Amino acid sequence: MEKYLESSSSDSVSSSEHVEESINNEEKPNELDENAGIDVMSLLDRQILASIKKDFLQWDGQAVPKLEFINLMLHHLPTNLDKIELTIALRELFEQIDVNHDEVMEWEEFSNYIVESGMIKKDRTFLDAIKNYKPQEWMDPIVHKNEIEHLFFLPKLKHLLVMESDSREFKVYDLKQGKFHYLKSVKGHRGAVTAACHAHGMRRVATSANDLTINLWDESSYALQQRISCPTFPLILAWNRRYKTLYSSGTDAIIYAWDLKEGREKMNCIKMWNPFSAEDDKSGHKTVVAALLPIKKMNILVSADLHGNIFLWDMPQNTKRRQLKGQVKGIYSLDWNSEHSCLFSAGLDREAYVWNPYVEKEIFKLSGHNHSLVGVRCVPKTSQVVTGDISGLFRIWDIRTFSTIQTFNIGAKELNCFDITFPDKKIIAGTKRIQIYEYDEPQDRHLVDEGHAICTFYNSLFNTFITVHAKTLKVWNGETGKLQHVFRDIMRGDISCAVLDKYQRKVYVGDSTGRIRAINIKNGAKIKKFSRHKEEVTGLLYWAENRMLISSSWDKKIKIHDDSKINEEDQVRYKIKHQENVNSITLHYTPETPTVGLLASGSDDGIIHITKLVSYRQDAKIETDTSEIKCLLFLNPSLCLASVDADGIISFWVINSSRSTKKPIYKLQNKCDIDESGVCAIKCISYHHPKRYLYTGDEHGILKIYDISHIVDKLANPFMSMTFLTNEEPPLKFFSRSSFMAAKSDNPQVPKINSFRAHKDAINHICLIEEHNLIVTSSFDCNVHIWSEDGTRKGTLILGTDKNWAVKFDVNVKLRNQVIDANTLIRRIVDRKEHISGSSNIADAISELPNAYVNMMRKQGEQNPNASEEEAEKSYDEDNILELIREPTNFASTQNIKSQTQKIALKQNYSSSDLLKPALGKGNDLTSSRSGLQRAGRSVLKLV
1 MEKYLESSSS DSVSSSEHVE ESINNEEKPN ELDENAGIDV MSLLDRQILA SIKKDFLQWD
61 GQAVPKLEFI NLMLHHLPTN LDKIELTIAL RELFEQIDVN HDEVMEWEEF SNYIVESGMI
121 KKDRTFLDAI KNYKPQEWMD PIVHKNEIEH LFFLPKLKHL LVMESDSREF KVYDLKQGKF
181 HYLKSVKGHR GAVTAACHAH GMRRVATSAN DLTINLWDES SYALQQRISC PTFPLILAWN
241 RRYKTLYSSG TDAIIYAWDL KEGREKMNCI KMWNPFSAED DKSGHKTVVA ALLPIKKMNI
301 LVSADLHGNI FLWDMPQNTK RRQLKGQVKG IYSLDWNSEH SCLFSAGLDR EAYVWNPYVE
361 KEIFKLSGHN HSLVGVRCVP KTSQVVTGDI SGLFRIWDIR TFSTIQTFNI GAKELNCFDI
421 TFPDKKIIAG TKRIQIYEYD EPQDRHLVDE GHAICTFYNS LFNTFITVHA KTLKVWNGET
481 GKLQHVFRDI MRGDISCAVL DKYQRKVYVG DSTGRIRAIN IKNGAKIKKF SRHKEEVTGL
541 LYWAENRMLI SSSWDKKIKI HDDSKINEED QVRYKIKHQE NVNSITLHYT PETPTVGLLA
601 SGSDDGIIHI TKLVSYRQDA KIETDTSEIK CLLFLNPSLC LASVDADGII SFWVINSSRS
661 TKKPIYKLQN KCDIDESGVC AIKCISYHHP KRYLYTGDEH GILKIYDISH IVDKLANPFM
721 SMTFLTNEEP PLKFFSRSSF MAAKSDNPQV PKINSFRAHK DAINHICLIE EHNLIVTSSF
781 DCNVHIWSED GTRKGTLILG TDKNWAVKFD VNVKLRNQVI DANTLIRRIV DRKEHISGSS
841 NIADAISELP NAYVNMMRKQ GEQNPNASEE EAEKSYDEDN ILELIREPTN FASTQNIKSQ
901 TQKIALKQNY SSSDLLKPAL GKGNDLTSSR SGLQRAGRSV LKLV
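Residue numbers are given in UniProt numbering: position 823 of the sequence shown equals residue 823, and the series is strictly consecutive.
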């Protein structure tokens, strides 16, 4: 963030014009997401939180406004951070916590957010839940004569190498396309095969055996290409592609480096520690090296032995970088998680150890097993770690919290080995046979989810797409189309509908059991519960101006909830009853009258109810000539209402207080593009008022765009009147086209702007991104596509990566606004301080002081206006206080400092010794030096 601003002093900030110019001159960032910038919570510790709590509790009513919250936090957080970037983070944090949008924050709100989000340093929790592994039904076509001793998965080849106990051959399985297929049994060793690795880039597969050889096989045919003789039994193999080096280790505690091109040992092997050598610096292993792991990111080789020692070696020099100490028993397994930069080790201990490669001591132990571990494996590009012990017990861990997600037992007498496959996440266990456990995830990576998206929203605040599914909420990066977060199991039943709030920080969801919740869209936290319906929730609307949540259900009721209330009993303002199930609701309001609204609701009996939300009066109902109302939409800001029936007919109605018949002003029949003679049911509609475009999605996946300007501007316009929206007006009436247009004989057809097949199945939701002229469609075919109006597909939200993603947003606009807002906030804080220090009147200065002591002083003055002379003597000396604020060194004597400090202490119930502490000398005597007086002045200034 510093690159957008010139360096400035702590009390001065560059102007907004300069900030904007700097941003315009910079290159566009690659990606802007909610994780960018400073993580404020990671800067907090117990001591800082205790200080922040004191400041919170000293505020009047303990409610801190936004500006003072930022000022308070800036005071307590490290000063070496970029002030603009930190202010942006603090502003975002305030908005995130202030879900009620009352522009103040209480300590309880702040602390609850920390606890619920689990974001204090090591106590992090995430709702990107790791799902479970389940047994895969698979019949191994090969009968294994002995116990399976070793398993090695080669990810580049998608091959699994299986080695049995005391066997001179190994078996190869092909795992391409997620299926196990037996390839062949490979012979060539004269002893038991014990290790293998893929020499990627050399087109070789290396295996070792107790015949003191390393065999190199062709990676495709497994034909023997070369045999390397070793001075000792190579227990383990590891390949470094960068330096084309094969590492092996064995019983002599030496790590050998092999040149596969030459088929011989390199000169710089890592030797054991020789206690009889005067030149040895005790830097190597003293016993059998049982695990090797190259880490490409750090350019190191990690080795572990049977005494619990772990060494880090620089490659290719093979010189020691560091030794990790803490594990006592033998280590058989090492693995590295690149996402979190953690090293894991496992062996004879019952715990798996977690290491930071830059710290000699372990940072955590994964405890929970009752037997020695067989190994530890990290699932690439995830937060999953798998541990297994000799009893056959597996534990799945979340690295982010170091907590157990799943535990299961394979039901065998003893587990000998296991490995992980990727990207098809499977755990392969070796006992007497091969057992497979697969991860519970969609099989098709070209879909948005296993289940269809009920609806999709674009969140311009975070530049993300939000897809709502029956069991999950998914958040996608708007710049790349990649999946960012998955919030699972947020409702008891299947989610049936959802709506975003005006501020785009909460999403309200309803489910099949009638429950309604507010969810924090950034972290998935459950914010609030609402009064429950008896049947499935069919629709949700959020009326931001009045903080009302409106819900409809198949229990034939509509509830209007007050979002400002906490208790469910106090939330329901009004209930509307229908005779049949309510299928759709829509809200009308205008920018001129945002707090005055109309609610239209349609049900299975074909009746549309119109309710004034100011008076909660059901003014009228439309008895249509259809059996069911499937969808309703007010064409805001006009008073035109569109209704869709089961036969695909869109009827347009106008609502006004004038007198007229209750008939539609226009009807539009959706014809089937596949079968021109038939009709096609419409599943969803949306409206773009500036263009007067109506968008429809039907059961065949056809997206149609109509220009309905003639309907909105001509047929409906004569009946428009905004004066009826008061409590005193008569009930609403509905107009027929004939009442005004009887003399007109022409009835022009509605122009169709475009029509194309967007999906293979029914389109169930349409979302318009008006500022970018994009259309987002969700379908029962489990796809979510982003389109331009000409029918060009710009991108698809899929579990894999859409290589043709062409959705572009100007993230610089958001970044520029953030920097300018932060600059303004800092300027306000600085201006306030300057105003206080330059004030000529103590009342003006005190009125600007943002702290609890001033509030306390005001309260005491109001409570005791007729104070005694003795109490009056304890009041402030206004001139002296102002002088102290302006220039502490103007106090010539220590006695004056002392008397003024005592007055402040008495008035504010503060210890004078605490105030004087900064000015005390070595013998706790008040110093009269310039620096001592300045310290005392600053001490008082911090409190005033």
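All residues carry an ideal CB built from backbone N, CA and C; glycine is no exception. Just so we're clear, the structure is a prediction, and the values are computed from it rather than from any experiment.
Three-state class that DSSP yields for residue i in the structure shown
| i | result |
| --- | --- |
| LEU334 | strand |
| TRP107 | helix |
| GLN818 | helix |
| GLY709 | Per the sequence shown, the amino acid found at residue 709 is Ser instead of Gly. Reduced to three states, the DSSP call for SER709 is helix. |
| HIS772 | helix |
| GLU628 | coil |
| VAL471 | The residue you asked about is not Val; residue 471 is Lys in the sequence shown. The answer is coil: DSSP assigns LYS471 none of H, G, I, E or B. |
| ALA352 | strand |
| SER51 | helix |
| TYR358 | coil |
| MET163 | strand |
Nearest residue (CA-CA) to residue i, options the options
| i | options | result |
| --- | --- | --- |
| GLU479 | LYS134, TYR113, THR801 | THR801 |
| THR213 | PHE56, GLY411, ALA192, SER788 | ALA192 |
| VAL614 | THR595, PHE408, TYR666 | THR595 |
| ALA257 | GLY263, ALA291, THR245, THR251 | THR245 |
| ASN536 | ALA223, GLN47, SER512 | Note that residue 536 corresponds to Glu in the displayed sequence, not to Asn. Out of ALA223, GLN47, SER512, SER512 has the C-alpha closest to the C-alpha of GLU536. |
| TRP336 | LYS184, LEU373, CYS378 | CYS378 |
| TYR113 | VAL819, THR207, GLN96, SER167 | GLN96 |
| ASP305 | LEU175, GLN323, ILE295, LEU93 | GLN323 |
| THR593 | GLN749, HIS578, ALA544 | ALA544 |
| residue 946 | ASN356, ASN754, HIS785, PHE809 | The shown model of the chain, from 1 to 944, leaves out residue 946, and the question about it has no answer. |
| THR626 | ILE88, GLN618, LYS663 | LYS663 |
| GLN225 | SER367, ALA195, VAL186, LEU343 | VAL186 |
| ALA716 | SER638, LEU541, ASP562 | SER638 |
| ASN754 | ASP761, LEU703, LYS329 | LEU703 |
Pairwise C-alpha distance: residue j and residue i
| i | j | result |
| --- | --- | --- |
| ILE655 | LYS522 | 39 Å |
| ILE550 | ARG827 | 41 Å |
| PHE756 | GLU789 | 10 Å |
| ASP713 | ILE775 | 24 Å |
| THR590 | ASN636 | 7 Å |
| SER220 | CYS230 | 25 Å |
| TYR666 | LEU797 | 37 Å |
| ASN727 | SER460 | Note that ASN727 scores a pLDDT of 34, beneath 50, so its modelled location is shaky and nothing firm can be said. |
| VAL143 | GLY188 | 20 Å |
| CYS684 | THR696 | 6 Å |
| LYS171 | LEU77 | 59 Å |
| CYS152 | ALA199 | With the sequence shown as reference, residue 152 is identified as Phe, and Cys is not the correct amino acid for it. Distance between the alpha carbons of PHE152 and ALA199 is about 13 Å. |
| THR431 | GLN384 | 23 Å |
| TRP653 | PHE457 | 27 Å |
| LYS575 | VAL376 | 57 Å |
| GLU164 | PHE233 | 17 Å |
| VAL205 | VAL475 | 41 Å |
| LYS297 | PRO357 | 11 Å |
| GLY201 | ILE396 | 33 Å |
| LYS577 | GLN618 | 10 Å |
Residues bridged to residue i [DSSP beta-bridge criterion]
| i | result |
| --- | --- |
| SER541 | The question names Ser, yet the displayed sequence has Leu at residue 541. LEU541 is bridged to ILE550. |
| LEU583 | According to the sequence provided, residue 583 is Asn. The question's Leu does not apply to it. ASN583 pairs with nothing; no bridge assigned. |
| MET315 | None, per the DSSP bridge assignment. |
| residue 947 | With the chain covering 1 to 944 only, the question about residue 947 has no answer from this structure. |
| LEU598 | HIS588, LYS612 |
| LYS803 | Its beta-bridge partners do not exist; DSSP assigns none. |
| VAL64 | MET105 |
heavy atom of the ligand GDP below 7 Å from residue i C-beta
| i | result |
| --- | --- |
| THR480 | Summarising the ligand content, the structure contains no ligands, and the ligand GDP is consequently not present. |
Contact with chain C by residue i, beta-carbon distance below 8 Å
| i | result |
| --- | --- |
| PHE344 | Considering every chain present, this structure includes no chain C. It has just one protein chain. |
Note to self: Across the stretch 701-714 and the stretch 628-643, are there enough close Cβ pairs to call them in contact, namely three or more that are closer than 8 Å?
What the structure shows: yes
The stretch 579-586 contacting the stretch 628-640, beta-carbon criterion three pairs below 8 Å: yes
*May I ask you to verify whether the stretch 296-303 touches the stretch 313-320, counting CB pairs closer than 8 Å and requiring at least 3?*
yes
| task | Assess, as a yes-or-no matter, whether the stretch 458-472 is touched by the stretch 423-432 under the definition of 3 or more beta carbon pairs within less than 8 Å. | result | no
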